[in-house]
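Taking mature numbering (1 follows the signal peptide of the UniProt record, and there is no 0), I'd label the letters of the sequence shown as residues -20 to -1, 1 to 295. Positions of the beta carbon are idealized from the N, C-alpha and C atoms, including for glycine. From a predicted model like this one, the values you see are computed outputs, not experimental measurements. Working notes for the structure below.
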Amino acid sequence: MRIRATVAAVSGALALSALAVPVAQADGSAASAYRADIAKVKEAAHSATSGKSAFSTAADEEPMPYKLNASFSNFKIAKTVKLGTTGQVSVPVSFTLTHGTEVDITADDFFVDAYIYRGSFTTEETESESELFGEDFSTCTATSATVATCKGDIDIYLGEDVEILNSQAGTWRAAANAVAINGQASTGGDLDITKIGFVEKGGLATTLLQRASRLTVNATPEPVKKGKTITVTGKLTRANWDALNYGGYAAQPVKLQFRKNGASTYTTVKTIKTTTKGDLKTTVKATADGFFRYVFAGTTTTSPVSSATDFIDVK
């Protein structure tokens, strides 16, 4: 899984007379120059042993950043995200950044970002294996001297650059962090990490990353005499992020529904389960002209889906 930059830039002029004006996004090349330093800051903050503060105190044996006076709230992200096997999916996020008056979010070396993670927020494995960020930096809009609203994207890549595995489908949690470099960026020398502010918060929201599903239907024979047997087949498949294809989804309940020609609503005829290969097959009696379809309600790991409709002409 490719791990991208852990922060987003916030810069631009901020004055009380210019509130609600978007804070300009920092130049990408300038921000990228800080990425290595930011990674060091985050690593230092997370390296505190159990029972220790993640921020510098007089008793700390290792240098730590000080706790930045900032917090995150009102985090919004889609409840579910459907992912196929190719391409890029950008998931919009928004959140509120609240900070002390001493925190200069207009500084060129102040950064803030949001990301999603899987598992425990504090484990080393989570940080190195299961975090997804945006490629671009978030932008923020000041609404007061101490509050800004921020927006960005979580970018997920599928295909040859796959960043997520089948085992990681399901619940992911949102987090955000902010760092004030305060002119301490290293230029070949040592980085005085104790003069850098850092804050991070997990569990801000949740989203489901789901494997996209597909569903087919075919009712035969066509046409059919009234009272005769109709056979309705289909197949339920879902994205395989490991193999980059779609495979059958076994042992899943699927509803067979019928809509009489001229009607506007569907009625569930019966519910059947898919075979080990995701196949569906059942029979019903022909009663009237109409449309058949299969409907899958979805699971935590797999998106819901309805098949196209198949019309049956009953003579």
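Of the listed residues 269, 257, 251, nearest to residue 263 (C-alpha basis): One-based indexing of the sequence shown puts residue 263 at position 283. Taking only the C-alpha atoms, the option nearest residue 263 is 251.
Beta-carbon spacing of residue 150, residue 188 below 8 Å: Within the sequence shown, residue 150 is the residue found at index 170, counting from 1. Within the sequence shown, residue 188 is the residue found at index 208, counting from 1. For residue 150 and residue 188, yes; Cβs fall inside 8 Å.
As assigned by DSSP and simplified to three states, the class of residue 98: Within the sequence shown, the letter at position 118 stands for residue 98. Coil at residue 98, not helix or strand.
Burial state of residue 193, where buried means 16 or more other Cβ atoms lie within 10 Å: The residue given as residue 193 occupies position 213 in the sequence shown. So residue 193 ends up on the buried side.
Status (buried if at least 16 other CB within 10 Å, exposed otherwise) for residue 45: If you number the sequence shown from 1, residue 45 lands on position 65. So residue 45 ends up on the buried side.
Three-way DSSP call (helix, strand, coil) for residue 16 in this model: For the purposes of this step, residue 16 is taken as the residue at position 36 of the sequence shown. In this structure, residue 16 counts as helix in the three-state DSSP scheme.
Close Cβ partners of residue 199 (< 6 Å) along its chain, the five nearest in sequence each way excluded: Position 219 of the sequence shown, counted from the first residue, corresponds to residue 199. Correct list, in chain order: 210, 212, 272, 290, 292.
Three-way DSSP call (helix, strand, coil) for residue 261 in this model: The residue you call residue 261 lines up with position 281 of the sequence shown. Residue 261 falls in the strand class under three-state DSSP.
Endpoints, beta strand (DSSP E) assigned at residue 201: Within the sequence shown, the letter at position 221 stands for residue 201. Unbroken run through residue 201: none, as it is neither H nor E.
Bridge partners - residue 177, DSSP secondary structure assignment: Sequence index remark: in the sequence shown, residue 177 carries index 197 (1-based). Looking at the DSSP assignment, residue 177 forms a beta bridge with 46, 160.
Cβ shell of residue 127 (< 6 Å), same chain only, five flanking positions each side left out: Residue mapping note: residue 127 aligns to position 147 of the sequence shown, counting from 1. Only 78 meet the Cβ criterion.
Residue 172 versus 221, 84, 163, residue with shortest Cα-Cα distance: As a working mapping, residue 172 is identified with position 192 in the sequence shown. Taking only the C-alpha atoms, the option nearest residue 172 is 163.
Simplified DSSP state of residue 147, which is helix, strand or coil: As a position in the sequence shown, residue 147 is number 167, starting the count at 1. Looking at residue 147 - three-state DSSP - the assignment turns out to be helix.
Contacting residues, own chain, Cβ-Cβ under 6 Å from residue 220 (five flanking each side not counted): Within the sequence shown, residue 220 is the residue found at index 240, counting from 1. Excluding residues within five positions, the ones whose Cβ falls inside 6 Å are 227.
Beta-carbon separation (whole angstroms), residue 285 vs residue 235, contact threshold 8 Å: In the sequence shown, the residue the question calls residue 285 occupies position 305. In the sequence shown, the residue the question calls residue 235 occupies position 255. At roughly 12 Å, the Cβ-Cβ gap does not stay under 8 Å, so residue 285 and residue 235 are not in contact.
Whole-angstrom distance between residue 110 and residue 139, CA atom to CA atom: Residue numbering aside, residue 139 sits at position 159 when the sequence shown is read from its first letter. Residue numbering aside, residue 110 sits at position 130 when the sequence shown is read from its first letter. When rounded, the distance between both Cα atoms is 17 Å.
Chain-order list of residues whose beta-carbon lies under 7 Å from that of residue 107 (same chain, five-residue window excluded): In the sequence shown, counting from the first residue as 1, residue 107 sits at position 127. Only weak support is given to the placement of residue 107: the predicted model assigns it a pLDDT of 42, under 50, and the question is left unresolved by the model.
Extent of the continuous beta strand (DSSP E) run through residue 361: Because the chain spans -20 through 295 in this model, residue 361 falls outside it and cannot be assessed.
Residue-chain proximity (residue 173, chain B), Cβ-Cβ < 8 Å: Of the protein chains in this structure there is only one, and it is not chain B.
Straight-line gap, residue 156 to residue 218 (C-alpha atoms, nearest Å): If you number the sequence shown from 1, residue 156 lands on position 176. If you number the sequence shown from 1, residue 218 lands on position 238. Distance between the alpha carbons of residue 156 and residue 218 is about 31 Å.
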